[in-house]
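These notes are about the structure you will find just below.
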């Protein structure tokens, strides 16, 4: 009896039809093709997250640049607005100053006429049609802001008075205008002509004598124990 050598069972060879791939090879090829068609979207999640982060970073950078440009343009606009406001105020101030100078020049030329009117009034010659014209002129210059100043009895002020005559008087206690030779004129706070006046000062002897009398009275009061009480 012949012994048989044990061995592996062999599957029968299956013939492969020409032009038809193996099933396993076909499945692998289909999977590879599907992966290639899916592209980056079918890639793992890390690739998509990094792309979103890059887009957000780019948009943030653009937003920062836009904000910076907006801030610069806003500062430029504010600077231009401030410069325009300063220019407008300067033009208005210059316009007012030019107007005041022009009015002052015109009124300065009319001062001799006003002096003649004043002298005619003092002598009683301001009558008839001349009086009407004179009063109309004085009304017009008053509307333009011209003011007359300078009165007898007021204290002498070298800023607004011009002393043409000087004397001493026992009736005054300080340098005083006792005679108005020509009235002064001003426009607002601007003096266009000082008042020309005659001034009087206290007499030196009378002042010193008055001081000595006051000292004597004070000494007598001290010796008697003070002034009498009524």
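Numbering (my numbering), first residue to last: 21 to 250.
Glycine included, every Cβ here is placed at the ideal spot set by N, Cα and C.
Given the structure is predicted, the values throughout are model-derived calculations rather than measurements.
For residue 133 and residue 171, the gap between their C-alpha atoms comes out near 20 angstroms. Put simply, of 217, 155 and 164 the residue whose alpha carbon is nearest the alpha carbon of residue 128 is 164.
The C-alpha of residue 180 lies about 37 angstroms from the C-alpha of residue 105. Between residue 185 and residue 218, the C-beta gap is smaller than 7 angstroms, which places the two residues in contact.
Look at the beta carbons and you see the region 200–219 touching the region 149–167: at least three pairs across the two are nearer than 8 angstroms. A straight line joining the alpha-carbon of residue 69 with that of residue 77 spans about 12 angstroms.
By the neighbour-count definition (other C-beta atoms within 10 Å, threshold 16), residue 94 is an exposed residue.
Exposure of residue 86 is indicated by the presence of fewer than 16 other C-beta atoms within 10 angstroms of its C-beta. In the DSSP assignment, residue 154 falls within the unbroken alpha helix (DSSP H) covering 148–163. A direct Cα-Cα distance of roughly 10 angstroms separates residue 155 from residue 146.
In the three-state reduction of the DSSP assignment, residue 80 falls in the helix class, which pools H, G and I. Here the alpha carbon of residue 135 sits roughly 7 angstroms from the alpha carbon of residue 202. In the structure shown, residue 222 adopts extended strand secondary structure according to DSSP, grouped into three states.
Using a Cβ distance threshold of 7 angstroms, residue 197 and residue 221 do not count as a contacting pair. Taking every protein chain shown into account, the CB of residue 213 has 16 or more other CB atoms within 10 angstroms, so this residue is buried. DSSP lists 220 as the beta-bridge partner residues of residue 187. Taken atom to atom, the span from the alpha-carbon of residue 158 to that of residue 178 is near 27 angstroms. A Cβ-Cβ contact shorter than 7 angstroms links residue 216 with residue 182.
If you compare the alpha carbons of 83, 223, 131 and 149 with that of residue 161, the shortest gap goes to 131.
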